[in-house]
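Trainee:
This is the structure:
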């Protein structure tokens with residue numbers, strides 16, 4: 011691949027990410043939710059009550075960013091933040107009845123993206139795209155981790 015090739019897989023991966031992010035924003039905007047707020051709700055609906063710190067890795071965000079997202083969801087009364095009885099320094103999150111009611115009527119932006127973007131694309135092609143992007147991501151993360159150790 012030549013440098014400056016604006017039709018590269020990396021360019022299209024970025025374009026897809028940006029378009030998908032815009033679809034998520036558009037889908038959630040009528041519900042006054044941002045993408046990270048939606049993902050917090052998703053984890054609480056699917057995983058149940060969680061330690062707040064357990065969301066940092068799957069959401070790939072900083073502690074301060076998560077604190078702001080959690081505060082917004084608490085203000086909206088969609089989640090509850092309590093002190094962890096096992097460790098008073100830690101916070102636990104759970105979804106409220108209002109949060110469950112909202113979740114029940116929320117459209118799934120990820121499902122919308124997948125059905126729209128990949129309608130008519132054969133499973134073999136999707137598997138190839140997934141394999142290539144997964145391998146590329148793993149290699150880049152390995153490079154980042156190697157640089158952090160240096």
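Numbering (the numbering used here), first residue to last: 11 to 160. Think of the CB as a built atom: it goes at the ideal place given N, C-alpha and C, for glycine as much as any other residue.
Could you say if the region 41-57 and the region 106-121 meet the contact criterion of at least three C-beta pairs nearer than 8 Å?
Mentor: yes
Trainee: To the nearest whole angstrom, what separates the beta carbons of residue 80 and residue 60, a pair I think is in contact under 8 Å?
Mentor: Actually they do not touch by this definition, with Cβ atoms about 11 Å apart.
Trainee: What are the boundary residues of the beta strand (DSSP E) that residue 91 is part of?
Mentor: 89-94
Trainee: Output the distance between the C-alpha atoms of residue 11 and residue 146, rounded to the nearest integer angstrom.
Mentor: Reliability of the predicted coordinates at residue 11 is poor, the pLDDT of 49 falling under 50, and the value obtained from them is presented with this limitation in mind. So the alpha carbons of these two residues sit roughly 14 Å apart.
Trainee: Leaving out five residues on either side along the sequence, give the residues of the same chain with a beta carbon under 8 Å from the beta carbon of residue 128.
Mentor: 136
Trainee: Going by beta carbon distance, what residues of the same chain come within less than 7 Å of residue 154, once the five residues before and after it are set aside?
Mentor: none
Trainee: Which residues mark the beginning and the end of the beta strand (DSSP E) in which residue 71 is found?
Mentor: Per DSSP, residue 71 is not a residue of any beta strand (DSSP E), being assigned neither H nor E.
Trainee: Please report the distance separating the alpha-carbon of residue 49 from that of residue 143.
Mentor: 22 Å
Trainee: List in chain order: all unbroken alpha helix (DSSP H) runs of 4+ residues lying wholly within the region 37-61.
Mentor: Secondary structure in the region 37-61: the alpha helix (DSSP H) runs of 4 residues or longer, each lying completely within the stretch, are 45-57 in chain order.
Trainee: For a test of the three-state rule: what should DSSP assign to residue 141, helix, strand or coil?
Mentor: Reduced to three states, the DSSP call for residue 141 is helix.
Trainee: So for residue 150, helix, strand or coil by DSSP?
Mentor: Taken through DSSP and simplified to helix, strand or coil, residue 150 comes out as helix.
Trainee: Does the region 118-126 come within contact of the region 63-71, defined as at least 3 CB pairs closer than 8 Å?
Mentor: no
Trainee: Per DSSP, what are the beta-bridge partners of residue 63 in this structure?
Mentor: Looking at the DSSP assignment, residue 63 forms no beta bridge with any residue, so it has no partner.
Trainee: Helix, strand or coil for residue 101, going by three-state DSSP, please let me know.
Mentor: strand
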